[in-house]
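This report concerns only the one structure given below.
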Amino acid sequence: MNRTVLPAALFSAIVLTACQAPPTSPRPTDQLPFMGTWDCGATTMTFTPTSYIPSVDAAPITIRSFSTQNRATTMTLADGAVIQVQWQNDNRMTWTSETTGDSFDCARVAG
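Quick note, the sequence shown lines up with residues -21 to -1, 1 to 90 if you use mature numbering (1 follows the signal peptide of the UniProt record, and there is no 0).
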């Protein structure tokens, strides 16, 4: 009988990888180039992998789902609102509310 023995380090790596918690982000952040804080003139908004903060004094709103196509990401929020961001480059994006019809041109906040 031929028996294969896994080295202890490889076995430990497999076990540790299998035991890690799943990512909390609905999508990998490298696919979400609009993550961060944006100056949109009338407001400063922030996106994290799991939430949208519409202004500096607002509570975070959980993002329930994402859909991306042609540099535009549509998000459905926990409160039922639907927003879309379309990024032009690393420093510029357009934010639109499908719920209210509002739209802002935004610049990334440095830092």
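Glycine residues also receive a C-beta, built at the ideal position from the N, C-alpha and C atoms. On a predicted model such as this, the values are computed, not experimentally measured, just so you know.
Using the C-alpha atoms, what's the distance from residue j back to residue i?
{"i": "M24", "j": "N49", "result": "22 Å"}
{"i": "D69", "j": "F13", "result": "8 Å"}
{"i": "S32", "j": "G15", "result": "Reading off the sequence shown, one finds Ile at residue 32, where the question assumed Ser. Those two C-alpha atoms are separated by around 10 Å."}
{"i": "V53", "j": "S82", "result": "The residue you asked about is not Val; residue 53 is Thr in the sequence shown. Looking at the two C-alpha atoms, the distance is approximately 14 Å."}
{"i": "F26", "j": "I62", "result": "12 Å"}
{"i": "A80", "j": "A21", "result": "Position check: residue 80 holds Gly in this sequence, whereas Ala was assumed. If you take the alpha carbons of G80 and A21, they lie about 15 Å apart."}
{"i": "A38", "j": "R71", "result": "24 Å"}
{"i": "F45", "j": "W17", "result": "19 Å"}
{"i": "D89", "j": "P28", "result": "The displayed chain sequence assigns Ala, not Asp, to residue 89. Their Cα atoms are separated by approximately 18 Å."}
{"i": "D58", "j": "D36", "result": "17 Å"}
Write down the C-beta distance between residue i and residue j rounded to the nearest angstrom, noting that I regard them as a contact closer than 8 Å.
{"i": "T41", "j": "S34", "result": "Not quite, the Cβ-Cβ distance comes to about 16 Å (not below 8 Å), so this is no contact."}
{"i": "W74", "j": "C19", "result": "6 Å"}
{"i": "S76", "j": "A51", "result": "About 14 Å separates the two Cβ atoms, so there is no contact after all."}
Just tell me which of the options has its CA closest to the CA of residue i.
{"i": "T78", "options": "L56, D36, Q65, W17", "result": "L56"}
{"i": "T47", "options": "V64, V88, R71", "result": "V64"}
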